[in-house]
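> Quick mapping for you: the protein sequence lines, in order, are chains A and B. With our numbering applied, the first sequence corresponds to residues 9 to 407, in that order. With our numbering applied, the second sequence corresponds to residues 46 to 426, in that order.
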Amino acid sequence: MSRRRRWLGGGIAFVTLAGCQERLTQPGECPALCPGGTPEVIEEILDAIPQFDSTFTGYAERGSAQVLLVSGGTPAPADTNIAVVVFQPRPAEIQFAGAARTYVVDSIRLGVGLIARDTAVKNLRFEVYRLPPTLDTTALTYDGVRAELSVASFLTNIAVPDSALRGPQSVMLRAAEIAPLVLGPADGGRLRIAISVVGDSPTGTRIGQRNSVVPTSFESFVTPDAPTTQPTEIEVVPEFDTYVSRVAPVPTPDLLTVGGVPSSRSLIRFALPRRLRDSASVVRATLELVPSEPIRGLPNDAGTLEVRTLTSDLGAKSPVSPLVLSSRVLPANATTTVEVEIGQLVRLWQGPNGLPSTLELQMSPEAGTFTEAVFGSSRSGTTPRIRFEYLRAFPFERP
Amino acid sequence: MRRIALTLLLAGAIVPQALPAQSSQFGVRGLGLPGREQSVRALGTGGAFASFDGESSVSPASLAFLGRITATFTILNDYRSTATPAGEASIRDPRFPQFLVGGPIRRFPLTLGLSYSNYTTRDYSLAFPATITLRGQPVAVNDTIESRGGINDFRLAAAYRLGQRWVVGAGAHIITGSNRVEVRRTFADTNYVASRQRAELSYAGFGMSVGVIGQFGEVLMVSAMARTDGRVSLDRDSTEVGKVDLPITVGGAARLRITPKLHVAGQALYRNWSTANDDLVALGGTGAANTLEASGGFEFTPDPRRPYKRPIRLGVRYAELPFPLTAGESASEYGVSLGSGLSFAAERAVIGVSVERAWRDQGAAYKETAWIVTAGVTVRP
Numbered sequence: 009m010s011r012r013r014r015w016l017g018g019g020i021a022f023v024t025l026a027g028c029q030e031r032l033t034q035p036g037e038c039p040a041l042c043p044g045g046t047p048e049v050i051e052e053i054l055d056a057i058p059q060f061d062s063t064f065t066g067y068a069e070r071g072s073a074q075v076l077l078v079s080g081g082t083p084a085p086a087d088t089n090i091a092v093v094v095f096q097p098r099p100a101e102i103q104f105a106g107a108a109r110t111y112v113v114d115s116i117r118l119g120v121g122l123i124a125r126d127t128a129v130k131n132l133r134f135e136v137y138r139l140p141p142t143l144d145t146t147a148l149t150y151d152g153v154r155a156e157l158s159v160a161s162f163l164t165n166i167a168v169p170d171s172a173l174r175g176p177q178s179v180m181l182r183a184a185e186i187a188p189l190v191l192g193p194a195d196g197g198r199l200r201i202a203i204s205v206v207g208d209s210p211t212g213t214r215i216g217q218r219n220s221v222v223p224t225s226f227e228s229f230v231t232p233d234a235p236t237t238q239p240t241e242i243e244v245v246p247e248f249d250t251y252v253s254r255v256a257p258v259p260t261p262d263l264l265t266v267g268g269v270p271s272s273r274s275l276i277r278f279a280l281p282r283r284l285r286d287s288a289s290v291v292r293a294t295l296e297l298v299p300s301e302p303i304r305g306l307p308n309d310a311g312t313l314e315v316r317t318l319t320s321d322l323g324a325k326s327p328v329s330p331l332v333l334s335s336r337v338l339p340a341n342a343t344t345t346v347e348v349e350i351g352q353l354v355r356l357w358q359g360p361n362g363l364p365s366t367l368e369l370q371m372s373p374e375a376g377t378f379t380e381a382v383f384g385s386s387r388s389g390t391t392p393r394i395r396f397e398y399l400r401a402f403p404f405e406r407p
Numbered sequence: 046m047r048r049i050a051l052t053l054l055l056a057g058a059i060v061p062q063a064l065p066a067q068s069s070q071f072g073v074r075g076l077g078l079p080g081r082e083q084s085v086r087a088l089g090t091g092g093a094f095a096s097f098d099g100e101s102s103v104s105p106a107s108l109a110f111l112g113r114i115t116a117t118f119t120i121l122n123d124y125r126s127t128a129t130p131a132g133e134a135s136i137r138d139p140r141f142p143q144f145l146v147g148g149p150i151r152r153f154p155l156t157l158g159l160s161y162s163n164y165t166t167r168d169y170s171l172a173f174p175a176t177i178t179l180r181g182q183p184v185a186v187n188d189t190i191e192s193r194g195g196i197n198d199f200r201l202a203a204a205y206r207l208g209q210r211w212v213v214g215a216g217a218h219i220i221t222g223s224n225r226v227e228v229r230r231t232f233a234d235t236n237y238v239a240s241r242q243r244a245e246l247s248y249a250g251f252g253m254s255v256g257v258i259g260q261f262g263e264v265l266m267v268s269a270m271a272r273t274d275g276r277v278s279l280d281r282d283s284t285e286v287g288k289v290d291l292p293i294t295v296g297g298a299a300r301l302r303i304t305p306k307l308h309v310a311g312q313a314l315y316r317n318w319s320t321a322n323d324d325l326v327a328l329g330g331t332g333a334a335n336t337l338e339a340s341g342g343f344e345f346t347p348d349p350r351r352p353y354k355r356p357i358r359l360g361v362r363y364a365e366l367p368f369p370l371t372a373g374e375s376a377s378e379y380g381v382s383l384g385s386g387l388s389f390a391a392e393r394a395v396i397g398v399s400v401e402r403a404w405r406d407q408g409a410a411y412k413e414t415a416w417i418v419t420a421g422v423t424v425r426p
């Protein structure tokens, strides 16, 4: 092959291969370079179906979220929550040097697992009271527990540093300080305590329940009765804990309640128009809820409103779709309309196999936060609604 | 028979699934930019020799010029600069506009051919930045409308020699293809998710063509052809949304042998695209207009016994475009082309190339210039 042929062949190959790139984008201009027109965003508001929005209560009981709510004068001044903890029996003897031996208690450490607090409240402390062995833990009431809190039953304070946000908080009691903690025959070896919280202003905390990683703790440092002895430790864990509340709000049937203890959830049903169900491209959907009262909760420890859609609408026990979740943090005392972006949920409603157009509202952590919201309903005149922005099917066939 | 099978096998291995020709902003509306159904040899002469080129699909009678089993394949690269009131852009895209397999039947004065050509192309990507008001707030958006694909012409044709001076041909055309179209809208505000809608527009139709070529004396050859393409149905995602009348094409061409080494030719084609006007307007388009396409050119072959060895081809072309960007306007294009090629193994393998400079416009607002580089490979086993 001559040199000229090789150059020509190479040139053809270069043009053929180097040109095999596609770069087609150019500025469009309507109406000339605009087949089908431009996509148009349509705004539409869809109200919930009247009478098809309701609240159901009893999904989660207190303590089920591995959290105990303890407060004094919050979320509302009337609200007070006191924790009650019953520890497992502390053994009367321990194994030491190959034999069961009695012991002498040298010191005791009491601890509380702090999970959340209002960081704006300073000088936070837990007040620990001794509860009598006659306390019936199967029929606890706020008044019954509150009556046992007195100067005589006061055990100690567990101070929480202002810098502490979470984690175990404890106090070490020695010498005469442990006298109120002596366990007599009537106690059956069990320590029963009540825990309240105070600070520079009314406040609350969330502390660890017995199944959490930071439960309330009771450690005894003892010296066994033996010729040659050395200090050792006895730790017992709670066998029962709960909290009692001074106020127990009852959901109003004409409103939509989310949160609280036992927890409430709300179902809101919408009639999705065919134009939205079949072919629209939903670019944004916002659920709008109007609080009928300020959001109850602990400042600086907001709960989260979670919105899910159902896989089938069976009422209160409907299964929810595990695929997607929309959420919105609810600050305490907020009164403005709560907006939750639910576009990803609404898109599950579309198509021939779309899910039921029903939303379920619940609080997170359920039965584990002070946050409780009460929203207007179709019966109260402030109907929940969805604000849609969507695009209709594009007329591709328009040449 | 083995050679025919081998040729078909080779051709099948290299033919792509989609065969649109060069694209253009003047192919955004209507059915797209019409294809030319020409080989690289014909393109090098501006299309002037297409009616006398067996590797082109303009006239079925031209199949008679295939002296032996032949397979040809072309690849086209299009480098364009567009100017519109919205701005300018530089664009490039590769395409595969023409594929043909054919050859004479032994002991019969008959030549058969199978070709796959571009009929129209709708390849584009248009971007529209804008600001719209949502919930009382201005929101920046960016729209993109894209289309890929076009309509293809699958032709089965035969040419029959009537003595030494006349050839007649006939072809059946299956007109099929699709546009994969997509529109996207993205929002600067992240509360809005991007919208993406897709559809496939598919086309199906049937056409027929006839052609005749006559030799007058030793120097003049004349060709005439006619073609009707009936109606093409338009489906969107398998649901019919309309039908569009396709044009009748009539054309004539003449080739003159000036010397054994130099041939000149001219060709004119007329298509009554206006028959599609009402259908396109009913679908919301800008309509269609009749078109005239004319070209002239020459081919100089240094060695007449080996016509594919380093020929020099030159041509000019003028064509009206059927689908205006705005109703009532007219668009057209001009082109100047140059081509050549190399042959190997006693012309059993040929590589051809053509370069065309094209100018397209619709009034002063919409202009386009393009370098269209086409390479073709022809094999005659």
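Cβ atoms here follow ideal geometry from the backbone N, Cα and C, with glycine treated the same way. Small disclaimer: the values here were computed from a predicted structure and weren't measured.
1. Give me the residue from LEU383(B), GLU133(B) and SER192(B) with the minimum Cα distance to GLY342(B).
2. State buried or exposed for ALA131(B), treating a residue as buried only when at least 16 other CB atoms are found within 10 Å of its CB.
3. Ordered along the chain, which non-local residues of its own chain (more than five positions away) have a Cβ less than 6 Å from that of ALA269(B)?
4. Where does THR391(A) sit, in a helix, a strand or coil, going by DSSP?
5. Can you name, in chain order, every residue of its own chain whose Cβ lies under 8 Å from the Cβ of GLY287(B), other than the five neighbours on each side?
6. Report, in whole angstroms, the separation of the C-beta atoms of ARG304(A) and PHE383(A), which I expect to be a contact under 8 Å.
7. As a quick exercise: from ASP114(A), GLN358(A), LEU173(A) and ASN341(A), pick the residue whose alpha carbon is nearest that of VAL120(A).
8. Quick one: grab the DSSP three-state call for ALA66(B).
9. Look up VAL153(A) in the DSSP assignment and say whether it is helix, strand or coil.
10. Within 8 Å of any Cβ in chain A, is that where the Cβ of ASP168(B) sits?
11. Does the beta carbon of ASN236(B) come closer than 8 Å to any beta carbon on chain A?
12. Are the CB atoms of ALA91(A) and ARG254(A) within a distance shorter than 8 Å?
13. Does the region 200-213 of chain B come within contact of the region 88-106 of chain B, defined as at least 3 CB pairs closer than 8 Å?
14. Comparing the C-beta of ASP138(B) with each C-beta of chain A, is any distance below 8 Å?
15. Quick one: is TRP404(B) buried, meaning 16 or more other Cβ sit within 10 Å of its Cβ, or exposed?
16. When DSSP builds the beta bridges, which residues end up paired with GLN83(B)?
17. Which residues in the same chain as ASN445(B) place their Cβ atom closer than 6 Å to its Cβ, once the five residues preceding and following it in sequence are excluded?
18. Along chain A, in chain order, which residues have C-beta atoms closer than 8 Å to that of THR371(B)?
19. Alpha carbon to alpha carbon, how far is ALA95(B) from ALA66(B)? Give it in angstroms, no decimals.
20. Give a yes or no on whether the minimum CB-CB distance between GLU296(A) and chain B is below 8 Å.
21. Within 8 Å of any Cβ in chain A, is that where the Cβ of PRO352(B) sits?
22. Ignoring anything shorter than 4 residues, give me the alpha helix (DSSP H) runs that lie fully in the region 220-303 of chain A, in order along the chain.
23. I'd like the list of long-range same chain contacts for THR176(B), defined as Cβ closer than 6 Å, with 5 residues on each side in sequence excluded.
24. So is LEU32(A) in contact with chain B if we call contact Cβ pairs under 8 Å?
25. Below 8 Å on the Cβ atoms is my guess for PHE60(A) versus ARG277(A); work out the distance and round it to an integer in Å.
26. Kindly identify the DSSP beta-bridge partner or partners of LYS288(B).
27. Check for me: the alpha helix (DSSP H) holding VAL326(B) runs from which residue to which?
28. For the region 329-363 of chain B, which segments carrying the beta strand (DSSP E) assignment without a break, of at least 3 residues, lie completely within its bounds, in sequence order?
29. Which value, in whole angstroms, describes the spacing of the CA atoms of VAL315(A) and MET371(A)?
30. In or out: ARG351(B) buried (at least 16 other Cβ within 10 Å) or exposed?
31. If contact means a Cβ-Cβ distance below 9 Å, which residues of the region 188-205 of chain B contact chain A?
32. Within the same chain, show all residues whose beta-carbon is closer than 8 Å to that of ILE102(A), passing over the 5 residues directly before and after it, in chain order.
33. Exposed or buried, SER3(A), counting other C-beta atoms within 10 Å across all chains shown (16 or more means buried)?
34. Per DSSP, TRP416(B) is paired with what?
35. Run through chain B and tell me which residues come within less than 7 Å of VAL346(A), C-beta to C-beta.
36. Any idea what DSSP makes of LEU246(B), helix, strand or coil?
Looking at the atomic coordinates:
1. The residue you call residue 342(B) lines up with position 297 of the second sequence. Nearest C-alpha to GLY342(B): LEU383(B).
2. Here residue 131(B) refers to the residue found at position 86 of the second sequence. By the 10 Å Cβ count, ALA131(B) comes out buried.
3. For the purposes of this step, residue 269(B) is identified with residue 224 of the second sequence, where counting begins at 1. Within the same chain, ALA269(B) has close Cβ partners VAL257 and GLY297.
4. Stepping through the first sequence from its first residue, residue 391(A) is reached at position 383. Coil.
5. As a first step, residue 287(B) is located in the second sequence; it is residue number 242 there, counting from the start. Excluding sequence neighbours, GLY287(B) sits near SER278, LEU279, ASP324, ALA327 and LEU328.
6. Taking the first sequence and counting its residues from 1, the one referred to as residue 304(A) is at position 296. Taking the first sequence and counting its residues from 1, the one referred to as residue 383(A) is at position 375. Wrong, their Cβ atoms sit about 12 Å apart, outside the cutoff.
7. Residue mapping note: residue 120(A) aligns to position 112 of the first sequence, counting from 1. The option with the nearest alpha carbon to VAL120(A) is LEU173(A).
8. Your numbering for residue 66(B) matches position 21 in the second sequence. A caution first: ALA66(B) carries a pLDDT of 49, below 50, which makes its placement in the model unreliable, though a value can still be read off. If DSSP states are grouped into helix, strand and coil, ALA66(B) belongs with coil.
9. Within the first sequence, residue 153(A) is the residue found at index 145, counting from 1. Of the three classes helix, strand and coil, the one that applies to VAL153(A) here is helix, per DSSP.
10. Taking the first residue of the second sequence as 1, we reach residue 168(B) at position 123. Chain A, which has a Cβ nearer than 8 Å to the Cβ of ASP168(B), makes this yes.
11. Against the second sequence, residue 236(B) aligns to sequence position 191. So, interface residue.
12. Mapped onto the first sequence, residue 254(A) falls at position 246. Mapped onto the first sequence, residue 91(A) falls at position 83. Cβ distance not < 8 Å, so ARG254(A) and ALA91(A) don't count as in contact.
13. yes
14. Mapped onto the second sequence, residue 138(B) falls at position 93. Yes, because at least one Cβ of chain A sits closer than 8 Å to the Cβ of ASP138(B).
15. Within the second sequence, numbered from 1, the residue matching residue 404(B) stands at position 359. Result: exposed.
16. Residue 83(B) sits at position 38 when you count from the first residue of the second sequence. None, per the DSSP bridge assignment.
17. No answer is possible for residue 445(B): it lies beyond the span of chain B, which begins at 46 and ends at 426.
18. As a first step, residue 371(B) is located in the second sequence; it is residue number 326 there, counting from the start. Going along chain A in sequence order, the residues near THR371(B) (Cβ under 8 Å) are PRO39 and ALA40.
19. On the second sequence, position 21 is the one that residue 66(B) refers to. On the second sequence, position 50 is the one that residue 95(B) refers to. Residue placement at ALA66(B) cannot be trusted, given a pLDDT of 49 that sits under 50; what the coordinates show is reported in the next sentence. About 16 Å.
20. Within the first sequence, the letter at position 288 stands for residue 296(A). No, GLU296(A) lies away from the interface with chain B (no Cβ there is under 8 Å from its Cβ).
21. Along the second sequence, one-based indexing puts residue 352(B) at 307. No, because no Cβ of chain A sits closer than 8 Å to the Cβ of PRO352(B).
22. 282-286
23. The sequence position of residue 176(B) within the second sequence is 131, counting from 1. Closer than 6 Å at Cβ, skipping near neighbours: PRO183 and ALA185.
24. For the purposes of this step, residue 32(A) is taken as residue 24 along the first sequence, with counting starting at 1. Chain B contact via Cβ: present.
25. Along the first sequence, one-based indexing puts residue 60(A) at 52. Along the first sequence, one-based indexing puts residue 277(A) at 269. About 4 Å; that satisfies the 8 Å criterion.
26. Residue 288(B) sits at position 243 when you count from the first residue of the second sequence. Partner(s): SER278(B).
27. Translated into positions along the second sequence, residue 326(B) becomes position 281. Here the alpha helix (DSSP H) through VAL326(B) covers 322-327.
28. 336-345
29. For this step, residue 315(A) is matched to residue 307 along the first sequence. For this step, residue 371(A) is matched to residue 363 along the first sequence. If you take the alpha carbons of VAL315(A) and MET371(A), they lie about 9 Å apart.
30. Position 306 of the second sequence, counted from the first residue, corresponds to residue 351(B). The residue in question, ARG351(B), is exposed, as its Cβ has fewer than 16 Cβ neighbours within 10 Å.
31. ASP188, THR189, ILE190, GLU191, SER192 and ARG193
32. Here the question's residue 102(A) lines up with position 94 in the first sequence. Only ALA108, ARG109, TYR111, VAL230, PRO232, THR240 and ILE242 meet the Cβ criterion.
33. What the structure shows of chain A is the stretch from 9 to 407, and residue 3(A) is not part of that stretch, so it cannot be assessed.
34. Position 371 of the second sequence, counting from 1, holds the residue named residue 416(B). Partner(s): TYR124(B) and ARG402(B).
35. Here residue 346(A) refers to the residue found at position 338 of the first sequence. None at all; the shortest Cβ gap to chain B is about 15 Å.
36. Along the second sequence, one-based indexing puts residue 246(B) at 201. LEU246(B): strand per DSSP, three-state reduction.
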